[in-house]
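Residue numbers (this note's numbering), protein chains in the order written: chain V, 1 to 301; chain B, 302 to 850.
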């Protein structure tokens, strides 16, 4: 296999009538990385994935997958790509094993011992009809379908839906192993924490625009947190508003809640300077706050 | 009573109920018109058993004949069928769809749901009965037929209660088991067996009274259209309805509800058993998923068995039936209006080939093969898109063109099997009866029928490929089939239109009279070419489109 990027898109654009689902997307996903594709619902994640898989045709721009053109070489590309769609549907009257046999026959060269190993790791029940499985158990069959041929690139659209935490951990280990073998994982998600746990780099998409691509480390250092401070006496908002990185302070009696992306050390020093701090609670900000942060930066520059 | 549940149930089924009742009304009109113009003494010569089975009274004249055949007989089955569909889906259907639990997530009781659904069934069957009554009281006047002495209202009331018996039975079984298939299957079985038993036992000496154990007896034996209401019989029907609804109330409240489920069939049980697993896996499992075409054929086995089974059975019957037809049938059909003869492609019913064409190949055969191929063609691509499996399928290294070719291949295999089965049944019937039809002619006509079916399957495939919508594909193909039929059958009646009949696939199928003249190779080649062209056209249409789902 060549060493071209796993995914390379240039000006990839998709319009549905007036709606711009995807706008001028330039993205490069390298070989051997686990790439997280992060965005809220309706941001264009699925449109992007369906475009590069030739399920829908881009309005303009192009996508090169593993050095091959997404439309002209679609069939050759699928030899090397595993895919798990979002809202997975399968043939309800087939068993998990029937599904696997069917797709293994269409692909050729699938190692069935590897299938058993995957089923074991995910604790998947392949003897039942897929229509009778719960959504999480159905998702496991979908994961096996995506992983079973040891493809060069695995594209998954919100794959953790319905999986319990134990299985999620196993699934994350499987993704890291794929990366370690020099193969590539492209993972779309709307939860930051999931992406942070496995991805090397993260692309952020919103309203069809690629907002940024960052390493997970950078993202984390940038990521804002919600900080809640509790004191033994009532406090005033102005005390905290002066601290660099603090925004949206809400004070209610003994409590102060704020968004914060500065140095924790500075904040705590101010907080303990004139008051007695009783409790500190910090939470990872949700995705929407991070997007707002990106927009603020865009507006500033 | 829950007004919303009642309203939704009524709304969901109003259209199908009206279509059923209006079709019956039209058929009554048609029957009255035809019987008015022909000598119906023919019916007096038919054996009593046949009259009994056809629901035709030996008195009552033209009106009695038409009401008997269209309302008393077909109307009873149609209304009861509608009621069974409603009853089976009321509880068991919602349960299997997984919506019953959703419904009960609201502050409603199980019994409230059952009573609302029962009332909606009564309302809908009542609506259908009113439509039948309206047609029944108006059409004789339009056609100038005297129906005095016939008891229309009595017959409609009996029809109404008879339908509710089977509908409430399905409701009760569904409420006790949560199994829609069992509910509708048992109710239909009781209806059909009861109909046969109530019609035939009275003719057998010593067993006359056996029919009385079946509900159908209390509907049909008193002949309400001729004799008016029999209070005792009506009371039996009404009591049965009340008992079944009461059973439904008890059943639905005491049972654990089922989750959304596909149900397990015998195959699944045998596959779960370690001793039979290996063999069954081979039959049910890996063998049917070896490639796209094979998997596609496994999806439509039931439809193939039903459609080709009907053709086998009808084909087998037609030969012997022709040899039993009385000699004066020639005069009988000579009296038929041109419009009726046109419906069977102008076939001469007096000859064996004409009879076979009229009874088997002009209408039944085309309908059966079109149902099969259009269902396959419409769901081939659009069905996978609508079920969101096309994306998963195309994640494998197969091109869209390959998917189309594989699906078309499965359709060809099915059409072939359908043709072979049709040939086998018809040829056996012809040989058994020793009538004047050649086996070669039957072979040619069966082969043409298969090719003819592929053309309409091809139309469905093209529409599905271009739009991804299976209902549209079904609708367009059905419309093309109906138009083709009318162009072929009725255009020849008018001189100006006659030449256009050749554009219909029906003309390519039957125009050369293949039963008598053998294989028209040119017409067969054209049918095949049309099918191949439709498949070829569907490839670019499918490739250039964004997939749905």
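No residue lacks a Cβ here, since even glycine has one placed at the ideal position from N, Cα and C. Just so you know, these numbers come straight off a predicted model, no measurement behind them.
Check, Outcome
"Between which two residues does the alpha helix (DSSP H) harbouring residue 519 of chain B extend?", "516–521"
"Using three-state DSSP, classify residue 840 of chain B as helix, strand or coil.", "helix"
"Across which residues does DSSP place residue 246 of chain V in a beta bridge pair?", "V/260"
"With a CB to CB cut of under 7 Å and the five nearest residues on each side skipped, what residues in its chain are close to residue 710 of chain B?", "594"
"Closer than 6 Å by C-beta to residue 617 of chain B: which residues in its own chain qualify, once you throw out the five before and the five after it? Chain order, please.", "726, 729 and 730"
"Please confirm if the segment 264–282 of chain V is in contact with the segment 231–246 of chain V, defined as three or more CB-CB distances below 8 Å between the two stretches.", "yes"
"Among the residues of its own chain, which have a CB less than 6 Å from the CB of residue 262 of chain V, if the five just before and after it don't count?", "244 and 245"
"Rank B/460, B/799 and B/362 by C-alpha distance to the C-alpha of residue 535 of chain B and give the top, closest one.", "B/460"
"Kindly identify the DSSP beta-bridge partner or partners of residue 706 of chain B.", "DSSP, once it has assigned bridges, lists no residue as partnering residue 706 of chain B."
"How far does the alpha helix (DSSP H) with residue 623 of chain B in it reach, from first residue to last?", "602–625"
"Return the residue from the list B/757, B/706, B/315 and B/326 that minimises the CA-CA distance to residue 438 of chain B.", "B/326"
"How is residue 746 of chain B classed by DSSP in three states: helix, strand or coil?", "helix"
"Using 10 angstroms around the beta-carbon of residue 699 of chain B, count the other beta-carbons present and answer buried if the total reaches 16, otherwise exposed.", "buried"
"Based on Cα-Cα distance, which residue from V/31, V/49 and V/28 lies nearest to residue 208 of chain V?", "V/49"
"Applying the criterion that 16 or more other CB atoms from any shown protein chain within 10 Å of the CB defines a buried residue, is residue 441 of chain B buried or exposed?", "buried"
"Tell whether a beta-carbon distance below 7 Å holds between residue 396 of chain B and residue 559 of chain B.", "yes"
"Please return the same chain residues whose Cβ sits closer than 6 Å to the Cβ of residue 171 of chain V, not counting the five positions on each side in sequence.", "none"
"Mind pulling the chain V residues with CB within less than 7 Å of residue 848 of chain B?", "55 and 56"
"Between which residues of its own chain and residue 242 of chain V is the CB-CB distance below 8 Å, once the five residues before and five after are set aside?", "270"
"Any beta carbon of chain V sitting closer than 7 Å to that of residue 698 of chain B?", "yes"
"Check residue 157 of chain V in the structure and name its three-state DSSP category.", "strand"
"Bridge partners for residue 212 of chain V per DSSP, in chain order?", "V/204"
"For residue 14 of chain V versus residue 22 of chain V, is the C-beta distance shorter than 7 Å?", "yes"
"List the residues of chain B that residue 48 of chain V touches, going by C-beta distances under 7 Å, in chain order.", "Result: empty, since nearest Cβ-Cβ is about 14 Å, beyond 7 Å."
"Looking only at its chain, what residues have a beta carbon closer than 7 Å to the beta carbon of residue 92 of chain V, apart from the 5 residues adjacent to it on each side?", "129, 130 and 131"
"Per DSSP, which residues does residue 281 of chain V bridge with? Please list them.", "V/228"
"Are the Cβ atoms of residue 144 of chain V and residue 118 of chain V separated by less than 7 Å?", "yes"
"Using C-beta distances below 7 Å, list every residue in its chain close to residue 85 of chain V, excluding the 5 sequence neighbours before and after it, in chain order.", "157"
"Determine, for residue 571 of chain B, whether the minimum Cβ-Cβ distance to residues of chain V falls below 7 Å.", "no"
"Residues in its own chain within less than 8 Å of residue 333 of chain B by CB, not counting five upstream and five downstream?", "363, 364, 367, 440, 441, 444 and 446"
"Do residue 548 of chain B and residue 473 of chain B have their C-beta atoms within less than 7 Å of each other?", "yes"
"By DSSP, does residue 534 of chain B sit in helix, in strand, or in coil?", "helix"
"Taking Cβ positions only, does residue 693 of chain B come closer than 7 Å to chain V?", "yes"
"Indicate whether at least one CB of chain B lies closer than 7 Å to the CB of residue 13 of chain V.", "no"
"As an exercise, report each continuous alpha helix (DSSP H) stretch of at least 4 residues that is fully enclosed by the segment 441–528 of chain B, in chain order.", "453–478, 481–501, 516–521 and 525–528"
"Spatial neighbours of residue 496 of chain B within its chain, please: CB distance less than 6 Å, with the 5 preceding and 5 following residues excluded, ordered by chain position.", "517"
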